[in-house]
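Those protein sequence lines, which keep their order, are chains P and D.
Start counting the first sequence at 1; every next residue gets the next number (my numbering).
Start counting the second sequence at 1001; every next residue gets the next number (my numbering).
Don't be surprised by glycine CBs; every beta carbon is placed ideally from N, CA and C.
Report on one structure; see the data block that follows.
There are 2 protein chains.
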Amino acid sequence: MTKAELKNLKQLQQKKYRRLTQSFVVEGWKSITEFLKAGFVPQKIWAVNLPGTLSSSIKTSVNLVPMRMLKQASFLKHPKDAIAVFKMPSAKKIPAKGFILALDDLQDPGNLGTIIRTADWFGFKHIVCSENTVDCYNPKVVQATMGSLAHVNLYYTNLPKYLQTVNMPVYGAFLQGENLFKMSLPKSAIVVVGNEGNGIKPQTSAFINTKITIPKAPGAQAESLNASVASAIIMQEFFRRLY
Amino acid sequence: MTKAELKNLKQLQQKKYRRLTQSFVVEGWKSITEFLKAGFVPQKIWAVNLPGTLSSSIKTSVNLVPMRMLKQASFLKHPKDAIAVFKMPSAKKIPAKGFILALDDLQDPGNLGTIIRTADWFGFKHIVCSENTVDCYNPKVVQATMGSLAHVNLYYTNLPKYLQTVNMPVYGAFLQGENLFKMSLPKSAIVVVGNEGNGIKPQTSAFINTKITIPKAPGAQAESLNASVASAIIMQEFFRRLY
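Below, the structure written as C-alpha cells:
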C-alpha cells in the first residue's frame, strides 16, 4: 500500500471525497464478499489472506499486505482482515410499487446501518433517503449493515418532492396515529420514518396520507422508540401481511 | 463543583467504581427528571438551570454551576444542562410470572440502552442479564435509554443457573426455530437473546425449551438481525398477543 493509497483511504472517510471519487470503503472479507457477489466493482483490495471462495480473477487483483498496514488504514477500532475500495453503483430509478421505506433526515450512522440490515432480512430492497440523511457510504453505516448494503438500494433525493409526485399511498410514523398492528395495509406503500430528535419535518409531513403509530403499553412512560427499532417494527408488520 | 467531585464523576465512568460506590451518573434534566419521578435518590445534582417542574426540596439541593463546568465533567460529546449522581436501587427479586427478556452476554451499550427503551415502551419491566452483559449503568447505556432505565428493572445474575431453577417456559432466539409470528405464545415466558457475535452460549442454551426464529424473506441474504432489533420484534410479538 503506497502513501498515496493510504491517504486516499483516509480521505474516503469524508462524504465530500466519496462523492467526488464515486467510491467507498468496505472492511473485512465477510462484507467485501457480499459486495463482490452482488456485482459491485472493486477498485482495489488489500488483505492479509485470500479466502478460498474467491474467484481467480479477484484473487489475482488482491494486494497481500501485512496486518500492521491494514491497521494503519482501517477506520475500525478492531481492524479486519481486508480493506476494499468499491465503485458506487450508478443511480437507479425508484420503483413505482412494492414496499418503500423513506427516511427523513435520519442522522445516526448506526441507526441507518441497522435499518439497511433489517430491510435486507425482510426482503425490502428500496430505501429512499432525504438529502440530509446520513450518507449510506459513511464507514460507520457500512460497518453496521454487516454486508447488507450490498443487497439494498438507497436513493438520496428531495423527499417532499418525491412524495408529491409518487403514485402510491404514503404513510408516516408518528406518536399519534392509527394502530399499526390493527390497520389494513396495502402491499405497495411508502412509509416515512423521521429524524431521531425531531421526527418528520412539516414539509415532508404535508405529503403523508395516513399517520401510523406503534402502539404503546397502557401507562408506559417511554416517550418514543429508537428510529431503527421503529423502522424494524414497521417492516416486520408489512412483511407479515405478505405471507 | 470541587476537584474531588469532578474526579468522582470521571471515575463513575468505570464499572468497578460504580459497583464500589453503588452509584451512577445521569446527564440532562429530561432523563434526571425521569429518575426523580421514579423515586431514585439523588446524591448530588449540578445544573445550569432549574426546571419549573422540580419539587422545592429537590430545587434547594441542586448546585447551580456554569456550563463550562458541566462540559468538563460530562461524558457526552454534546454535554447537557445537568449532571446527577444517583444511588443504585437495592436488588429486587425477579418476578415469577409475566414476560421477562433475558440477555446472554450482550456487549454493545447502545444495544442494551435501546432494548431498555423498547421494553419500557411495550410495558415489559423486567430484564435479566447474564453477568457478562454490559453494565446498565454504563454512561452509554444510560444515555441510550432516554430515561427508560428509570422504569425498567435489570437483574444481573448467573443466567444458566437462573434458567435452571425458574418455573416458566424458556424461549430462545435462534436462526433456526419456530416461526415467532405464527406460534402460540404464553403470557408468562422468559425469552433469551444472545450476544451480538456469538448468539446464545451452550451453557444457557441447555435450559431453553423452545427455539424461536424471526422469519426472513425467501431468498434474503442478511445473516442475522441486530440484537436490539431482534429483541424489539420479540417484544412487540408478546405485546400484541396481550391485547
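To the nearest angstrom, how far is the alpha carbon of P:Ala232 from that of P:Thr114? When the Cα atoms are used, P:Ala232 and P:Thr114 turn out to be separated by approximately 9 angstroms.
Rounded distance between the beta-carbons of D:Arg1241 and D:Leu1180, thought under 8 angstroms: With a Cβ gap of about 11 angstroms, D:Leu1180 and D:Arg1241 do not count as contacting.
Can the beta-carbon of P:Ile94 be found closer than 9 angstroms to that of P:Tyr137? Cβ distance not < 9 angstroms, so P:Ile94 and P:Tyr137 don't count as in contact.
Let me check understanding here. Comparing Cα to Cα, which of D:Ile1127, D:Gln1143, D:Ser1130 lies closest to D:Ile1110? Before going further, note that residue 1110 of chain D is Gly rather than Ile in the sequence given. Of all alpha-carbon atoms in D:Ile1127, D:Gln1143, D:Ser1130, the one lying nearest the alpha-carbon of D:Gly1110 is that of D:Gln1143.
From D:Ser1228, D:Ala1217, D:Glu1223, D:Cys1129, residue whose alpha carbon lies closest to that of D:Thr1204: With distances taken between Cα atoms, D:Thr1204 lies closest to D:Cys1129.
Using DSSP's beta-bridge definition, name the partner residues of D:Phe1024. The secondary-structure analysis by DSSP pairs D:Phe1024 across a beta bridge with D:Phe1086.
Whose C-beta lies closer than 6 angstroms to the C-beta of D:Asp957 among residues of the same chain, with five residues either side of it excluded? Given a span of 1001 to 1243 for chain D in the structure shown, any question on residue 957 of chain D remains unanswerable.
Just curious, the beta strand (DSSP E) that D:Ile1127 is in, first and last residue? Boundaries of the beta strand (DSSP E) harbouring D:Ile1127: 1126–1130, taken from the DSSP string.
Do the CB positions of P:Asp104 and P:Ile234 come within less than 9 angstroms of each other? No, the Cβ-Cβ distance between P:Asp104 and P:Ile234 is not below 9 angstroms.
Against D:Gly1098, what residues of chain P qualify as contacts under a CB-to-CB distance less than 7 angstroms, listed in chain order? Within 7 angstroms Cβ-Cβ: nothing; D:Gly1098 doesn't reach chain P, min ~12 angstroms.
Between which two residues does the alpha helix (DSSP H) holding P:Pro79 run? DSSP places P:Pro79 in no alpha helix (DSSP H); its state is neither H nor E.
Rounded to whole angstroms, what is the Cα-Cα separation between D:Ile987 and P:Thr2? Residue 987 of chain D falls outside the range modelled here, since chain D spans only 1001 to 1243, and no answer is possible.
Taking one C-beta from the region 1207–1223 of chain D and one from the region 205–216 of chain P each time, how about it: are there three or more such pairs within less than 8 angstroms? A contact between stretches requires three or more CB pairs, one per stretch, nearer than 8 angstroms, and the region 1207–1223 of chain D fails this requirement with the region 205–216 of chain P.
Excluding five sequence neighbours on each side, which residues of the same chain lie with their C-beta closer than 8 angstroms to the C-beta of D:Gly1123? Around D:Gly1123: Phe1239.
Length at least 3, wholly inside the region 1111–1159 of chain D: the beta strand (DSSP E) runs in chain order: For secondary structure counted as the beta strand (DSSP E) over 3 or more consecutive residues, the region 1111–1159 of chain D holds these complete runs in sequence order: 1126–1130, 1153–1157.
Give the residues from the region 1210–1229 of chain D that approach chain P closer than 9 angstroms (Cβ to any Cβ), ordered along the chain. Flagged, chain order: Ile1214, Pro1215, Lys1216, Ala1217, Pro1218, Gly1219, Ala1220, Gln1221, Ala1222, Glu1223, Ser1224, Leu1225, Asn1226, Ser1228, Val1229.
At 4 residues or longer, and completely inside the region 1032–1073 of chain D: list those alpha helix (DSSP H) runs for me, N to C. Whole alpha helix (DSSP H) segments, 4+ residues: 1056–1061, 1067–1073.
For chain D, find out if any of its Cβ atoms is closer than 9 angstroms to the Cβ of P:Trp121; answer yes or no. Using a CB distance cut-off of 9 angstroms, P:Trp121 counts as an interface residue toward chain D.
Output the distance between the C-alpha atoms of D:Phe1024 and D:Phe1035, rounded to the nearest integer angstrom. The alpha-carbon of D:Phe1024 is positioned some 12 angstroms away from that of D:Phe1035.
According to the Cβ coordinates, are P:Ser31 and P:Met146 closer than 9 angstroms? Less than 9 angstroms separates the beta-carbon of P:Ser31 from that of P:Met146.
Using beta-carbon positions only, say whether D:Leu1050 and D:Val1062 come within less than 9 angstroms of one another. In contact: D:Leu1050 and D:Val1062 (Cβ atoms closer than 9 angstroms).
What does a CB cutoff of less than 8 angstroms around D:Pro1066 pick up in its chain, not counting 5 residues either side in sequence? Cβ neighbours of D:Pro1066 beyond the five flanking positions: Val1048.
If you drop the 5 nearest sequence neighbours on each side, which residues of the same chain put their C-beta closer than 7 angstroms to that of D:Phe1086? Excluding residues within five positions, the ones whose Cβ falls inside 7 angstroms are Ser1023, Phe1024, Val1026, Phe1035, Phe1040, Val1041, Pro1042, Gln1043.
Which two residues bound the contiguous alpha helix (DSSP H) that contains D:Val1229? Run containing D:Val1229: 1227–1242, per the alpha helix (DSSP H) assignment.
Give a yes or no on whether 9 angstroms exceeds the smallest Cβ distance from P:Gly52 to chain D. Closer than 9 angstroms: no.
Return the chain-ordered list of same chain residues with a C-beta closer than 8 angstroms to the C-beta of D:Met1088, the five sequence neighbours on each side being excluded. For D:Met1088, where only same-chain residues beyond five positions count, the Cβ hits under 8 angstroms are Arg1018, Gln1022, Ser1023, Phe1024, Tyr1137.
DSSP three-state assignment for D:Asn1008, whether helix, strand or coil: Under the three-state reduction of DSSP, D:Asn1008 is assigned to helix.
Tell whether a beta-carbon distance below 9 angstroms holds between P:Ile83 and P:Ile58. Not a contact, by the Cβ cut-off of 9 angstroms.
Please check the pair D:Thr1213 and D:Glu1178, which I expect to be a contact at CB under 8 angstroms, by giving their CB distance rounded to whole angstroms. Correct: roughly 7 angstroms between the Cβ atoms.
Note down the Cα distance separating P:Gln107 from P:Pro218, rounded to an integer number of angstroms. P:Gln107 and P:Pro218 have their C-alpha atoms spaced approximately 30 angstroms apart.
Measuring CA to CA, which of D:Leu1064, D:Lys1037, D:Lys1125 is closest to D:Ser1055? Residue D:Lys1037 holds the alpha-carbon nearest to the alpha-carbon of D:Ser1055 among D:Leu1064, D:Lys1037, D:Lys1125.
Can you give the beta carbon distance from P:Gln13 to P:Pro139, rounded, assuming they're within the 8 angstroms contact cut? Between P:Gln13 and P:Pro139 the beta-carbon gap is near 6 angstroms, inside 8 angstroms, which marks them as a contact.
Is P:Ala73 closer than 9 angstroms to P:Tyr159 when the C-beta atoms are compared? First, the amino acid is wrong: residue 159 of chain P is Leu here, not Tyr. Against a cut-off of 9 angstroms, the Cβ pair of P:Ala73 and P:Leu159 comes out as no contact.
Taking just the CA atoms, how far does D:Gln1236 sit from P:Tyr243? Cα-Cα distance, rounded: 18 angstroms.
Figure out for me which residue from D:Ala1150, D:Lys1161, D:Thr1118 has the closest Cα to the Cα of D:Glu1131. Cα-wise, what sits closest to D:Glu1131 is D:Lys1161.
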